[in-house]
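So the structure is just underneath, and the comments pick up after that.
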Amino acid sequence: MSYTCSLFILHSVLAVPSVAANWFTGQDAYTVAHQRLLEGKTSDSFDSMVQAWQQDPNQDQRSNLNALFKLAVTEDCGRSLAQKVLPPWIPNLSIEREVIRNLNQTMLKLSIAGVTQSNIAEVKLTKWPNQNIIASTPNVEEGGYFSVETRRLEKPISAGLYQLTINTDGEDSFNHWILLTEPTAKQRIGWKDSKNWRIEQGRLPDPACPSAVLSMSLYDLNDTTWTPLWTEDVDGRLPTTLPKIDVPDGRYWLSVGLIESRWQGDISILDIQTITRPVDYPGL
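Numbering (mature numbering (1 follows the signal peptide of the UniProt record, and there is no 0)) for the sequence shown: -20 to -1, 1 to 264.
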């Protein structure tokens, strides 16, 4: 389905008599966001969506803003949602939502990772208006790589408006609005048996977005630093069993993650579903 056709369908759905239809009758932020997207002004539409989220939308409005934003992303996987936003001292940045399932429990995590050329004093992510998600000073590793993450979350990071702030030890500061969609409710990857996993088909892939990636890692059960002994990322035709690898016989911890990604301007937004379990190798 073409982007123009999708916009027409969305316009038709939102135009029918309903509770939500009433918000497209004036020049408020909801109306302007819809109109600008219909006109192909994706970046302007994004700015209006941010304004709409700042006006404490009700449940119907939040649901429609989420649907409108998802449609905006389909134009070019989110590249047009914002003009180039990253400063020269942060050439690479990603926001990663992850669901980690082992045999006994589920863990939820959100991470912010990137590359910097400066000493970062704080990375902060706040859900509008004042719910702190992350506020931490990262360790900048060799090559400028840095990462911060939440402690264990009680519930998934929901759809809505977030503010990202990165401050350095000097005068440099980066502030940007982030819009997140509802996290995927369906678990697409799971263990088939002790030797294999399954990957269920999701929605039709967006040709404008990177293809899904499968990230496999093997860890020493006695290594508390959790440095992988082996790791491999595969896109395209995704494997459903561990390949032959060069490690000594023994018992290991296996992690397999399905990564789907989009963009918000030049910021990468990743949704990751990871399954983990102990395995015997080469008993696989």
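Heads up, the beta-carbon is just placed ideally off N, CA and C, and yes, glycines get one too. All values derive from a computational prediction rather than experimental measurement.
Secondary structure of N147 (DSSP, three-state): strand. For K166, there is no enclosing beta strand (DSSP E), since its DSSP letter is neither H nor E. Inclusion of W157 and L133 in the CB contact set at 9 Å is not warranted, their separation being larger than that value.
The continuous stretches of alpha helix (DSSP H) do not include Q34, and DSSP gives it neither H nor E. By DSSP's assignment, R81 forms a beta bridge with T86, I255. H156 is bridged by DSSP to L144. In the DSSP secondary-structure assignment, E240 is bridged to D251. Proximity of the stretch 169 to 176 to the stretch 37 to 46 falls short of the contact definition, fewer than three beta-carbon pairs being nearer than 8 Å. Here F49 is not bridged, per DSSP, to any residue. Sorting L250, D260, E78, G182 by C-alpha distance to the C-alpha of G230 places D260 at the top. For L18, the enclosing alpha helix (DSSP H) begins and ends at 9 to 18. In the three-state reduction of the DSSP assignment, R59 falls in the helix class. DSSP places Q111 in the uninterrupted beta strand (DSSP E) bounded by 111 to 116.
Residue environment analysis places G237 among the buried positions, since at least 16 neighbouring C-beta atoms fall within 10 angstroms of its C-beta. The Cβ atoms of P208 and S235 lie closer than 9 Å to each other. Note on G150: under 16 other CB atoms within 10 angstroms of its CB, so exposed under the neighbour-count rule.
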